[in-house]
Every structure is written in C-alpha cells, then in structure tokens.
Amino acid sequence: MAVETRPGWRRARAQGIPDRPAVVPLVIAVLGALLFALPLAGLLWRAPWGSAWDVLNTQAARDALRLSLITSLSATGIAIVLGVPLAWVQARVSYPGKRFVRALTTLPMVLPPVVGGVALLLALGRRGLVGNQLDRVGVSLPFTTAGAVIAETFVAMPFLVLTLEAAFRSSDRRLEDAARTLGAGRFTVFRRVTLPLVTPSLIAGVVLCWARALGEFGATITFAGNLQGTTQTLPLFVYIKLEGSNPDAAIVLSLVLLVISFVVLVALRDRWLTAR
Amino acid sequence: MSLAAHVRIELDGFTLDVDLAIAPGQTVAVVGPNGAGKTTLLRALAGLRGLSAGRIELDGTVYDDPDARIYVPPEHRPVGVMFQDNLLFPHLTALENVAFGLRARGLSRGEARRRASDWLQRVGLDGRTRARPRELSGGQAQRVALARALASDPAMLLLDEPLAALDATTRNEVRRDLRRHLATFSGVRLLITHDPVDAAVLADLVVVLDHGRIAQTGTPAEITSRPRTQWVAELTGTNLFTGTSDADGLVRLEGGGTITAADHRAPGPVFAVVQPRSVTLHRVQPEGSARNTWPGVVTTVEPVGDRYRVEVDGTPSVVAEVTAAAVHEIDLHEGVDVWVSIKATEVDVYPA
C-alpha cells in the first residue's frame, strides 16, 4: 500500500530508468587505487632491466638475499614453535590477565618497528635488562645474525598468533571431545584433529608471518645494525644502496621483494577466503 | 559388563543427581525436557566432565570417584560415544574416521584399516570408505558414527540423540539399523533422546529425567501408560492429573476440581491418568452412568489422523480425542460451551 502513495517511484522502476552512476565515490576510489598503482609503476618504469642480472650477481646483493632468506625463515620457524602453543593457550585457556597478554602480543603490529628495535636493544642489548646477564655468559645478540632473527620474530610473530588464535577459537571443540572418547590423549587430539582443522589458517598465518619478517627494516637496523653478510638483509641493502652508491641495485632488489610479496598475496587469496 | 553409577554434578543453580544401574545387554533410554541434564549425564559417564560427587563403576572398575580422588580421563575409558550431529572428523574419510579410535588405542595402521573396513561393511557402507563426511547423507554419516563408536569394542555405548538431526524417513531407517546393531552389542547401552518413539523402539528401560533428578523409571509401556511427569504426559498425549485420593476413590485435584475412579486404592497423594479417547463431550449436561462430568469451553480443535483432538478449558482442563462425526454432530469449535464426561472405570489412579 505504501507503494501506491509514491507513484513517481513506481514509474521510475516501471520505465527502467537506470540508476545514476555514483560519480563522487568513483573518482575518489580511482584516486585511492592510483596511490597504490603509481609507485609500483614508477618502480617498473625505472628498473634497469638490461643490467638486472649483473646487479643481482654482486657479492653484496647475494649476501643480502641469502641473509634475508636465512633470517626470515628462522624467524618464521621460531614463530611457529612459540606462536602455535601461544595461540592455542590464548584461544582455549582462560586465565587472569589474558586480555593484557593479547594486547601485548598484538602490539608489535601497530608499534613503529624502530621503537621495537629500541625496546629490544634496551632489553637484550649488552647493558640491557636481560642482555646484561647474557653478556656475562658470553652471549651477545645486538649486531649479530641472531639479533636480526629476534628483531624479525618480534615484529612478525603476531601475524601468526592472531590468525591461528581466531582459527582455534572458531573450530568445533566437540570434535576434540569425540576424539578423546575414541582413545586419543590430549597431544594426539591436537596433532590429529585440532591442527588439521586449522591447517588453512596455519598456512595463511605462516606465510603472512614470513612475508612480514622478510620485509622487516626498522627493528632490524636499530637492534642488529647494518653489517654486510651478518645483519644487512634485503630491505636494509635497498635503503643503503638507494641513499648511496648504487640506486640501480636498490631498484632491482625492490622488484625482487615486490614479486615475492605479490606471489604471497596471490597464493593467500584462496586460503584467506576458505579459512574464514 | 554392567554399569553402576551415582552421578552428582553441581553447576550454577543446577544440580544433577542421578543413580543409574544398567545390566549387560540392556539399553536404558534417558529422556526428559531440554535442560533436564541428559547431556551432562552422558558427558560425565564418558569422562568429558568430572563429578562433583558420586562414583562411576563399569565392570567392577571405578572410573570416577571424587572422594577417593579417582578420575580416569575419557581416552582411558572403555566407552564408545555416538554424538548428536555425528561429529565425524571432516578432514578424514569414512574409513579413517572409523580407524581413528583403533589407531589411538595402539593398533597398527594396517590392522586398524582392516577392522574399520569390516565395520563399514557391517553398517552397509563398504562402498563409501573413501567418502569425506560432507559427501555422506545424514543417515550414512550416522552409520559411520555408530561404526566408529563400536569399532574399538567398548564396554559401554553412549548414544546422544543419535537420530535428532535426521529427517523423518531417514530417522526410521537409521532407528531400525540402530536397533539391529544394539542387539548384537553385548555391553551396556545408554541412549539419550527426547523422542518417545526412539525410547519405545530401542530401550528396555526408560529413565525420565527432570530438573536433574530421576522423575520416573520403568519400561517404555509403563512410562507411557502411567506417566509421572507432565512432560511425558504431553509427549504421549494423555491427561495426567495430580491430587489426593480419599478412601472412596474421590481424587481432589491440585488445580481444583475432582475426579472419581472406580478402582480406588489407599488414600493419599495420587496421579490419575485418562486417555483422550475415553473423554466424551456433550453440548448439554449428560444424564447417564458417567460419574465424572463438568462444564468447560473448547479452546482448540485440530485433526489428528482420522480423529479430532479437542482441548477443553475447565476445572480441570482436559484433552479429548473424538471422531469427525462427533465434531459435526454437536458442532464443536473454538469457544463452544461443552460438558465433559469420563467414566470412572476409565480413570487410572496410582500412588504419587
């Protein structure tokens, strides 16, 4: 009946007048997309395609690539070992101060990485809270490859923990009950039921974590410094070369990082969608 | 193999306190309204939750006794559970689901698969060993769940609403299968259900649970013919009255009104049951031999099969089941004033 009192609306529908295009948001959306597209176009445009291989083949570039792979994979490994149990506890165990711990483990995602690096230095540096003790037993983390790994882990692990925690939280616990009644102990239940059920999220979390570790810059340079072959990872190499002797090398290695990020994104698209 | 259990579980504002004994080869159905504590009882027996007090003894072995600090976790209890919604592992095939318990209990992969395959054959699913749970129909999934629960040869089988998630046709089919498989299982069986048909077809003994306590125990026939809870009376569609009987068989009902039974017993608190088919309705006050007559107002008239179910609001209110002819003859419809009459010989009175 409400329709009868609004004849104009009815006629418009009946005559099939097309909806006016939403011009304003369209223009803004294009501008927004350009913000992402332009820098990438610049990178591709300025890339020294002809000499790319020579640039990649220098000792410093190869060192940076090798080091980046080692540190980012190590950081991802540590994140899996520490992060999977942490995510499980956060999802399944209730204890006082849980929200605080969640905030704490999420913090590195929003904290400026440089601040993370400073904090790591104050904690694990030679005069730091814990580093002081480590120094006495002859362990020194700053300005070592191990230091770079720790910096990357600090920044990247939250991606794994948050992704996995959500998955543990939403998986059906009654399946775990069923497994218990079938004779499976807690660990078997975790290995054969809980973990397989969250596998898509685990993969997504691991890949995100690794990509973040690979791209880590601020915390690494602050805590681990910039020593070729020891702590100079790809992002550090790119920054130093761009500022200094060899902008072409910076551009080529930027492209390498771009390609890796792009592949990760494409690979994750389905995982993300099916995991949700 | 027999079960002797006293289960007491205290939760916020709810206490489950149940004594249960099940003989080997006996199927006990636990029925009751939602929130009566049925699932809590099952979880306690399976070891998925601890007792506040009590004792669970199966085959002479104590699995739970808080006073003696005994608690055996679920994986070490010889108990098979068939869950509501089947709860098959979605990432495993039908065969792997059935083999899961055998593997977890230490069998080799090959032996576990061989036995699982036998079990799938026994439940008629040998062609579907490689199917994932989402590829199975509801009935097939429930049969895999039964095979999974029975495969590791438990001493006690717990069935939690095994037919609730199925459509009517499949339910009848699976119920028939279940009956057959239960008959070949020599251990203790406990079935949780809210469907009186399940209880009648599958169980030897029915336990009615209400507010965490056992309200009634009996054979399915006893429970339906002489219910002791309104919940059962409503499910089976009978009229259940509670009141106090005097020496002459006159029962003063709790909600007002009286009812007289021909065959009366000792005075005291009683239940009185009247089958809806024994209730007759009239438009004028009947003269005759019926000793129970009172006026009322028709509130609903609905067809049930070839008859009509008529609810009459009065003191007491009552449900009658009458023929279509009667409905037309005296023009029964909502809001009509009627007289209810019940012969004293049709009133079954038993002590509360």
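Which chain is which? The protein sequence lines are V and W, in order.
Residue numbering for the first sequence is 1 to 276, as defined by the working numbering.
Residue numbering for the second sequence is 1001 to 1352, as defined by the working numbering.
A virtual CB, placed ideally from N, CA and C, is assigned to each residue, including glycine.
Please report the Cβ distance between residue i and residue j, rounded to the nearest whole angstrom; I am assuming they are in contact, meaning their Cβ atoms lie under 8 Å.
i	j	result
V:A218	V:G117	Residue 218 of chain V is actually Gly in this sequence, not Ala. Indeed, because the Cβ distance is near 6 Å, the residues count as touching under 8 Å.
W:A1131	W:T1170	Not a contact, Cβ separation roughly 17 Å.
W:I1342	W:V1251	In fact, because the Cβ distance is near 12 Å, the residues do not count as touching under 8 Å.
V:L67	V:G229	7 Å
W:T1357	W:P1276	In the structure as shown, chain W begins at 1001 and stops at 1352. Residue 1357 of chain W is therefore absent and cannot be evaluated.
W:L1058	W:L1003	5 Å
W:D1210	W:A1036	5 Å
W:G1138	W:A1168	About 11 Å separates the two Cβ atoms, so there is no contact after all.
V:V161	V:A211	Contact doesn't hold; Cβ gap of about 15 Å is too wide.
V:L65	V:L234	6 Å
W:R1103	W:A1112	5 Å
W:I1056	W:A1021	Going by Cβ atoms, the distance from W:I1056 to W:A1021 rounds to 12 Å, so no, they are not a contact pair.
V:I221	V:L242	Between V:L242 and V:I221 the Cβ distance is about 14 Å, and since that is not below 8 Å, they are no contact.
V:A119	V:T71	Actually they are not in contact, since the Cβ atoms of V:A119 and V:T71 sit about 19 Å apart, beyond 8 Å.
V:A87	V:L164	4 Å
W:V1322	W:L1190	W:V1322 to W:L1190, Cβ: 40 Å. No contact.
W:L1042	W:D1160	5 Å
Would the beta-carbon of residue i fall within 8 Å of that of residue j?
i	j	result
W:P1024	W:S1186	yes
W:D1204	W:T1027	yes
W:V1319	W:R1307	no
W:L1048	W:P1074	yes
W:T1015	W:G1314	no
V:F143	V:A91	no
V:E152	V:E216	yes
W:L1158	W:V1079	yes
W:G1256	W:P1316	yes
V:T43	V:S254	Note that residue 43 of chain V corresponds to Leu in the displayed sequence, not to Thr. Cβ atoms of V:L43 and V:S254: closer than 8 Å.
V:A52	V:V238	no
W:T1260	W:V1347	yes
W:G1101	V:L182	yes
W:L1136	W:V1144	yes
W:A1147	W:V1081	no
W:I1214	W:V1018	yes
W:T1039	W:I1192	yes
W:P1220	W:A1247	no
W:P1090	W:R1128	no
W:V1208	W:G1032	yes
W:G1335	W:V1298	yes
W:T1236	W:Q1216	no
W:M1001	W:A1155	yes
To the nearest angstrom, how far is it from the Cα of residue i to the Cα of residue j?
i	j	result
W:Q1142	V:A178	14 Å
V:G125	V:V189	41 Å
W:H1333	W:V1340	15 Å
W:G1305	W:T1224	20 Å
V:Q232	W:F1083	57 Å
W:V1284	W:P1303	23 Å
V:M109	V:L56	31 Å
W:R1175	W:L1011	33 Å
W:P1227	W:A1325	30 Å
V:L129	V:A123	5 Å
W:A1272	W:A1352	9 Å
W:E1096	W:R1114	11 Å
V:S287	W:V1072	No answer is possible for residue 287 of chain V: the residues shown for chain V start at 1 and end at 276.
V:P200	W:R1105	28 Å
V:L202	V:A267	14 Å
W:A1262	W:R1291	9 Å
V:V30	V:L141	47 Å
W:A1044	W:R1069	15 Å
V:N226	V:I150	15 Å
V:A250	V:A47	10 Å
W:H1328	W:Y1350	36 Å
V:S245	V:G50	19 Å
W:L1253	W:L1202	35 Å
V:T105	V:A146	21 Å
V:L257	V:L69	11 Å
W:N1172	W:H1194	15 Å
V:A204	V:A75	16 Å
V:V89	V:R191	15 Å
Closer than 8 Å is the cut-off here; do at least three beta carbon pairs connect the region 67-83 of chain V with the region 148-166 of chain V?
yes
Could you pull out every unbroken alpha helix (DSSP H) segment of at least 4 residues lying fully inside the region 193-265 of chain V, listed in chain order?
199-214, 218-223 and 234-243
Which residue spans inside the region 1034-1073 of chain W form an unbroken beta strand (DSSP E) run of at least 3?
1053-1058 and 1061-1065
Residue ranges of each alpha helix (DSSP H) within the region 1156-1207 of chain W, 4 or longer
1168-1184 and 1196-1202
Enumerate, from N- to C-terminal direction, the unbroken alpha helix (DSSP H) stretches of 4 or more residues contained entirely within the region 42-93 of chain V.
52-56 and 59-92
So within the region 1218-1278 of chain W, which uninterrupted beta strand (DSSP E) runs reach at least 3 residues, ignoring any that extend past its ends?
1239-1245, 1250-1253, 1258-1260 and 1268-1274
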